[in-house]
Every structure is written in C-alpha cells, then in structure tokens.
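Protein chains in written order, with our numbering: chain U, 619 to 861; chain L, 2 to 227.
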C-alpha cells in the first residue's frame with residue numbers, strides 16, 4: 619500500500635495530475651467567484667444598520683477564513699512531509715506561505731476599510747485584529763527563512779519547524795472573539811444550528827468562501843507544479859515535458 | 002545510566018555558566034542594555050509620574066524582550082563556530098535534554114539579572130509595591146519562556162551568515178502572547194485585582210514550552226549543522 623502511496627507522491631505523478639486538474643479548477647473557481655461576487659455585490663440586500671458597506675463581508679470573511687485554512691494546510695503538509703519523508707508535501711507547503719500571507723493582508727486591509735465606517739477607526743488593538751496581524755508576521759518570518767537558506771531541501775525542513783511552532787497562533791485567532799470580549803463581532807455562520815445571518819446574505823457568502831477555497835486550490839496546484847519543474851530541472855522527464 | 006545522564010547535563014550546565022563568568026561583559030551588557038532602554042522612555046514620553054506609571058509595565062516588558070533577543074545569539078553562536086555543537090549532537094544522550102540544560106543556563110545568565118534590576122526600575126518609575134510584586138511575578142514566569150522560544154529561533158538561524166535580523170523576525174511574533182499576558186498581569190496587580198489566573202495561564206505557557214521547545218530546538222540544530 620505504501621509503495622503505491624509513494625508512487626502517487628512522486629513529483630512526476632504530481633506534475634501529470636496537476637496538469638490534468640488545473641484547467642478544471644481554474645474554470646470552476648472563476649465561475650463560482652464571478653457568481654458569488656455578482657450575487658453579493660448586486661443582488662443581496664443591504665444591511666438594515668450597516669447599509670451598503672456590509673458588502674465588504676463577501677471579501678473580508680472568506681479571505682480571513684482562508685488565511686487560517688492556508689496555514690493549517692501548510693502545517694499539515696509539513697507534518698506529512700516530516701513523518702513520511704515526502705518531498706512533494708514540502709513543495710506544497712512552500713507554495714502555501716505567499717498566498718497565505720496575501721489572504722491575511724487582504725483580510726486585514728478589508729477589515730480596516732470596514733472598520734472605519736462601522737467602528738469609526740481604521741484599526742483597533744482588539745484580540746482578533748492583533749492575532750491576525752501576528753499571523754501575517756509569522757507568514758513573513760517563514761517566507762524570510764525560506765528565502766535565506768540557499769539549499770532548498772534544507773530550507774524546507776527548517777522553515778517547516780517554524781510552521782509547526784506557529785500553529786499555536788491559529789486557535790488563538792479562532793477563539794479570540796469567544797475568549798475575550800472584543801469589538802470584533804462573534805462568528806455568525808459557523809455557529810451550531812441556526813446561523814445568525816439571513817439566508818439572502820448567507821448564500822452568496824458561502825459561495826464566496828467556496829470560491830476562495832477553489833482559487834487557493836488552483837493556485838497551490840499551479841505554484842507547486844512550478845516548484846516541481848524548478849527542482850527537478852535536471853531530471854530526464856522534465857526535459858521531455860518542456861521540449 | 003540515568004545517573005550518568007544527569008552528570009552530563011550538569012557538566013553542560015556548569016560549562017555555560019563558567020564560560021559566561023569568564024567573560025563577565027556577556028552577563029552585564031544585556032543588563033546595561035535593559036536599563037538604558039527603560040531609562041530612555043521617560044526622556045521620550047515626558048517625566049510626568051502618572052503617564053510613566055501607566056506605561057511602565059509595557060516599557061519594562063518590551064525592554065526585557067529586546068534585551069533577551071539581543072542575548073539569544075550567544076546561546077549557540079560561539080559553540081556553533083568552534084564545533085562544540087557537533088560534539089553535543091554526537092553525544093549518546095538525548096539532544097533535547099542537553100539543549101534544555103544550555104537554555105536553563107542562558108536564562109540564569111540573562112533572565113535572572115533582569116529580574117534583579119526590576120526593583121531599581123520600580124524606583125525610577127515610582128511604582129507601588131503591588132505593581133512591583135506583579136512585575137516580579139510576571140517576569141519570573143515570562144523570561145524563561147522568552148529564552149525557550151528564542152532557542153528555536155537561534156537554532157534555525159545559527160547556520161546563516163546574516164541570521165541576526167532574521168532571528169528577530171522569527172522570534173518576535175512568537176513572543177507577543179507572553180508580552181500580552183505578562184503586561185496584563187502587571188496591570189491587574191496595579192489595580193489590586195486578583196492575578197493568580199493570569200499567573201497560572203503564564204505558568205501553563207511555560208510548562209508547554211518547557212516540554213515541547215527542546216525537541217524543536219534539537220531538530221533545528223541538527224539541520225543547521227549538516
């Protein structure tokens with residue numbers, strides 16, 4: 619069974635699989651993204667208190683969710699790579715850091731744009747905002763460490779330790795609105811039972827979250843495929859594929 | 002066997018202390034740095050006692066954080082350069098425990114002198130006795146966490162030529178929870194609130210890092226060497 623597992627985890631197999639999957643993921647994520655954004659921006663109702671500015675939710679919430687999901691995905695990849703010594707998992711993990719950092723930045727910037735009209739301030743030092751900012755710094759630290767080490771395999775393993783250490787921040791972000799009494803509102807869609815958001819806003823929001831996940835998957839496939847080509851450039855199969 | 006391990010740990014621990022005492026400036030420089038940064042704040046903020054008492058917990062914590070950060074490199078740097086780290090890794094005893102002995106020695110050399118300076122800082126900032134006690138409690142629990150977490154950062158960057166700034170980029174985000182709870186504890190002490198909960202939380206962080214960090218540091222060191 620493990621032999622088969624390792625065959626699927628070989629860079630060549632991944633390259634072929636990614637090449638096959640990327641067009642589908644690309645098209646589907648664009649379709650879902652455009653539907654979600656059209657529904658959210660044009661057809662969903664404005665909020666009775668917040669008016670039109672509530673529409674930031676359709677970008678802010680998905681990117682904040684993805685900032686954490688991308689980190690957990692990266693951490694799980696590193697864990698798999700360390701335990702089973704699978705090189706491709708390290709390449710996947712390396713692709714996660716930049717896009718995770720970008721999602722975190724988008725969440726911070728859109729949150730700030732939303733905070734100005736609603737709370738009256740661009741930024742408040744509230745637990746959730748602060749922990750999300752720290753997540754951004756952790757992402758930057760990981761990227762800096764990856765860049766600083768010339769030997770890519772070594773860089774993967776060393777930044778992997780940093781990735782696993784940084785996991786402690788994820789539950790802090792997730793539960794910050796529950797543990798501390800913060801200005802940031804509590805979770806509205808992941809609540810057990812009835813979500814405290816109307817279905818006319820819930821559906822486009824869920825669609826946008828799905829779109830972000832699909833976009834993330836597409837990006838990871840493309841970026842990891844690049845990484846595979848780059849690392850295996852001296853292997854025979856790469857020459858056959860490229861030329 | 003276990004007897005032998007404990008004597009090896011003791012040797013590593015004693016060796017680091019002796020090395021530090023042979024070069025006393027290594028002990029005093031971080032303390033001077035700490036005093037200097039703390040006393041620069043009143044010059045920038047202004048000498049009014051109300052404001053100083055208000056910002057004192059944060060100022061002292063941030064200064065302790067930077068003082069620790071600057072002293073972290075010597076945890077492994079010179080040993081890495083003269084090959085002592087290879088000897089440590091080749092030892093038949095678990096690397097994580099040997100690393101822990103070095104980290105404890107590092108805390109005694111850098112963390113404890115900072116603690117001893119806290120009463121002097123309390124005089125400079127005209128702090129009340131309650132605040133002083135809270136400050137001692139929070140730094141006594143907090144500074145070992147700083148040494149422990151920092152050891153991962155040093156182990157990761159010790160093999161790089163320009164590891165210094167990278168070290169701060171890696172370690173500072175991980176220090177923030179300690180900073181938040183540490184200065185929160187002092188604030189609670191200042192306003193005569195019960196701070197045992199916060200102290201217990203920090204102690205839990207200390208125990209967690211005490212049990213997990215040595216493994217991360219040991220495996221990072223092994224990667225840095227090869």
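Backbone N, C-alpha and C define an ideal beta-carbon position, used for all residues, glycine too. Values in this document were obtained by computation on a predicted structure and should not be read as measured data.
Which residue marks the beginning of the alpha helix (DSSP H) containing residue 166(L), and which one marks its end?
Taking the second chain and counting its residues from 1, one reaches residue 166(L) at position 165. Annotation for residue 166(L): the continuous alpha helix (DSSP H) segment containing it runs 164-191.
So, for residue 219(L): in the same chain, excluding its five sequence neighbours on each side, which residues have a beta-carbon less than 7 angstroms away from its beta-carbon?
The residue given as residue 219(L) occupies position 218 in the second chain. Once the five neighbours on either side are set aside, the close Cβ partners of residue 219(L) are 96, 97 and 100.
Determine, using beta carbons only, whether residue 174(L) and residue 844(U) come nearer to each other than 9 angstroms.
Numbered from its first residue, the second chain carries residue 174(L) at position 173. Numbered from its first residue, the first chain carries residue 844(U) at position 226. No. Outside cutoff.
Which residues in chain U have a C-beta closer than 9 angstroms to the C-beta of residue 187(L)? List them in chain order.
Walking along the second chain from the start, residue 187(L) turns up at place 186. Simply none; closest approach about 17 angstroms.
Nearest-angstrom Cα separation, counted from residue 160(L) out to residue 120(L):
Here residue 120(L) refers to the residue found at position 119 of the second chain. Here residue 160(L) refers to the residue found at position 159 of the second chain. Rounded to the nearest angstrom, the two C-alpha atoms are 38 angstroms apart.
Closer than 9 angstroms, CB to CB, is residue 783(U) near chain L or not?
Here residue 783(U) is taken as the residue at index 165 of the first chain, counted from 1. For residue 783(U), the nearest CB of chain L lies under 9 angstroms from its own CB, placing it at the interface with that chain.
Can a CB atom of chain U be found closer than 9 angstroms to the CB of residue 225(L)?
Walking along the second chain from the start, residue 225(L) turns up at place 224. Chain U, which has a Cβ nearer than 9 angstroms to the Cβ of residue 225(L), makes this yes.
Within a Cβ cutoff of 6 angstroms, which residues of the same chain sit near residue 72(L), ignoring the five residues on either side of it in sequence?
In the second chain, the residue the question calls residue 72(L) occupies position 71. A distance below 6 angstroms between beta-carbons, with the five flanking residues on each side excluded, links residue 72(L) to the following residues of its chain, in chain order: 31 and 111.
Are the Cβ atoms of residue 688(U) and residue 718(U) separated by less than 9 angstroms?
Residue mapping note: residue 688(U) aligns to position 70 of the first chain, counting from 1. Residue mapping note: residue 718(U) aligns to position 100 of the first chain, counting from 1. Yes, these two residues count as a Cβ contact at 9 angstroms.
Assign residue 46(L) to one of two classes, buried (16 or more other C-beta atoms within 10 Å of its C-beta) or exposed (fewer than that).
Reading the second chain from its first residue, position 45 is the one you call residue 46(L). Exposed, since its Cβ has fewer than 16 Cβ neighbours within 10 Å.
Quick test of the definition: if touching needs 3 or more C-beta pairs under 8 angstroms, does the segment 663-674 of chain U touch the segment 741-759 of chain U?
No contact exists between the segment 663-674 of chain U and the segment 741-759 of chain U.
The segment 764-780 of chain U: positions lying closer than 9 angstroms to chain L by Cβ:
Cβ proximity to chain L below 9 angstroms picks out 766, 767, 772, 775, 776, 777, 779 and 780 from the segment 764-780 of chain U.
Here's the rule I'm using: 16 or more other beta-carbon atoms within 10 Å means buried, otherwise exposed. How should residue 193(L) be labelled?
What you label residue 193(L) is simply residue 192 of the second chain in a count that begins at 1. With fewer than 16 other Cβ atoms inside 10 Å of its own Cβ, residue 193(L) counts as exposed.
Residues near residue 691(U) by beta carbon distance below 7 angstroms, same chain, minus five either side
Locating residue 691(U) in the first chain gives position 73, counting from the first residue. Hits under 7 angstroms: 714.
Residue 140(L) lies in the alpha helix (DSSP H); which residues open and close that run?
Here the question's residue 140(L) lines up with position 139 in the second chain. Where residue 140(L) is concerned, the enclosing alpha helix (DSSP H) starts and stops at 130-158.
Between which residues of its own chain and residue 651(U) is the CB-CB distance below 6 angstroms, once the five residues before and five after are set aside?
Here residue 651(U) corresponds to residue number 33 of the first chain, with the count starting at 1. Excluding positions up to five away in sequence, the list reads 829.
Run through DSSP, which three-state label would residue 810(U) get?
As a first step, residue 810(U) is located in the first chain; it is residue number 192 there, counting from the start. Legend: pLDDT at residue 810(U) = 49, less than 50; position of this residue unreliable, value from coordinates given subsequently. Residue 810(U): coil per DSSP, three-state reduction.
Proximity of residue 43(L) and residue 125(L) at Cβ, strictly below 9 angstroms:
Against the second chain, residue 43(L) aligns to sequence position 42. Against the second chain, residue 125(L) aligns to sequence position 124. It is a contact, given that the beta carbons lie within the stated cut-off.
Residues of chain L with CB closer than 7 angstroms to the CB of residue 759(U), please, in chain order.
Within the first chain, residue 759(U) is the residue found at index 141, counting from 1. Per Cβ cutoff of 7 angstroms: 170, 171 and 174.
Once DSSP output is grouped into helix, strand and coil, what is the label at residue 669(U)?
The residue given as residue 669(U) occupies position 51 in the first chain. In this structure, residue 669(U) counts as strand in the three-state DSSP scheme.
For residue 781(U) and residue 186(L), I'd like the C-alpha separation in whole angstroms.
Position 163 of the first chain, counted from the first residue, corresponds to residue 781(U). Position 185 of the second chain, counted from the first residue, corresponds to residue 186(L). When rounded, the distance between both Cα atoms is 29 angstroms.
From the DSSP output, in three-state form, read off residue 816(U) for me.
Within the first chain, the letter at position 198 stands for residue 816(U). Here residue 816(U) sits in coil by DSSP.
Considering only the beta carbon of each residue, do residue 167(L) and residue 707(U) sit closer than 9 angstroms?
Against the second chain, residue 167(L) aligns to sequence position 166. Against the first chain, residue 707(U) aligns to sequence position 89. No, the Cβ-Cβ distance between residue 167(L) and residue 707(U) is not below 9 angstroms.
Consider the Cβ of residue 101(L): report whether some Cβ of chain U lies at a distance smaller than 9 angstroms.
As a working note, residue 101(L) is residue 100 in the second chain. No, no contact with chain U.
Around the Cβ of residue 642(U), are there at least 16 other Cβ atoms within 10 angstroms (buried) or fewer (exposed)?
Walking along the first chain from the start, residue 642(U) turns up at place 24. With fewer than 16 other Cβ atoms within 10 Å, it is exposed.
Any beta carbon from chain U within less than 9 angstroms of residue 73(L)'s own beta carbon?
Numbered from its first residue, the second chain carries residue 73(L) at position 72. No, its Cβ sits nowhere closer than 9 angstroms to a Cβ of chain U.
CA-to-CA distance, residue 716(U) to residue 856(U), given in whole angstroms
As a working mapping, residue 856(U) is identified with position 238 in the first chain. As a working mapping, residue 716(U) is identified with position 98 in the first chain. Going from the Cα of residue 856(U) to the Cα of residue 716(U) covers about 25 angstroms.
DSSP-derived helix/strand/coil call for residue 627(U)
Here the question's residue 627(U) lines up with position 9 in the first chain. Note: residue 627(U) maps to coil in three-state DSSP.
How many angstroms separate the CA atom of residue 653(U) from the CA atom of residue 695(U)?
Sequence index remark: in the first chain, residue 653(U) carries index 35 (1-based). Sequence index remark: in the first chain, residue 695(U) carries index 77 (1-based). Whole-angstrom Cα-Cα distance: 31 angstroms.
Nearest residue (CA-CA) to residue 721(U), options 842(U), 785(U), 803(U) and 757(U)
Here residue 721(U) is taken as the residue at index 103 of the first chain, counted from 1. Measuring from the Cα of residue 721(U), the nearest candidate turns out to be 757(U).
Where does the unbroken alpha helix (DSSP H) through residue 783(U) begin, and where does it stop?
Along the first chain, read from residue 1 onward, the residue named residue 783(U) stands at position 165. Per DSSP, residue 783(U) belongs to the alpha helix (DSSP H) from 770-784.
Whole angstroms is fine: what's the gap from residue 93(L)'s alpha carbon to residue 778(U)'s?
Residue 93(L) sits at position 92 when you count from the first residue of the second chain. Residue 778(U) sits at position 160 when you count from the first residue of the first chain. The straight-line gap from Cα to Cα measures roughly 26 angstroms.
Taking a contact to mean a Cβ-Cβ separation below 9 angstroms, would you say residue 135(L) touches residue 189(L) in this structure?
Against the second chain, residue 135(L) aligns to sequence position 134. Against the second chain, residue 189(L) aligns to sequence position 188. In contact: residue 135(L) and residue 189(L) (Cβ atoms closer than 9 angstroms).
Nearest-angstrom beta carbon gap, residue 172(L) and residue 70(L) [assumed within contact, 8 angstroms]
Here residue 70(L) is taken as the residue at index 69 of the second chain, counted from 1. Here residue 172(L) is taken as the residue at index 171 of the second chain, counted from 1. Rounded, the Cβ-Cβ distance is 6 angstroms, consistent with contact.
Cα-Cα separation between residue 21(L) and residue 105(L), rounded to whole angstroms
On the second chain, residue 21(L) is found 20 positions in, with the first residue counted as 1. On the second chain, residue 105(L) is found 104 positions in, with the first residue counted as 1. Our two residues, residue 21(L) and residue 105(L), have alpha carbons roughly 13 angstroms apart in a direct line.
Applying a beta-carbon distance threshold of less than 7 angstroms, which residues of chain U neighbour residue 157(L)?
Here the question's residue 157(L) lines up with position 156 in the second chain. Against chain U, a Cβ distance below 7 angstroms from residue 157(L) picks out 763, 776, 779 and 780.
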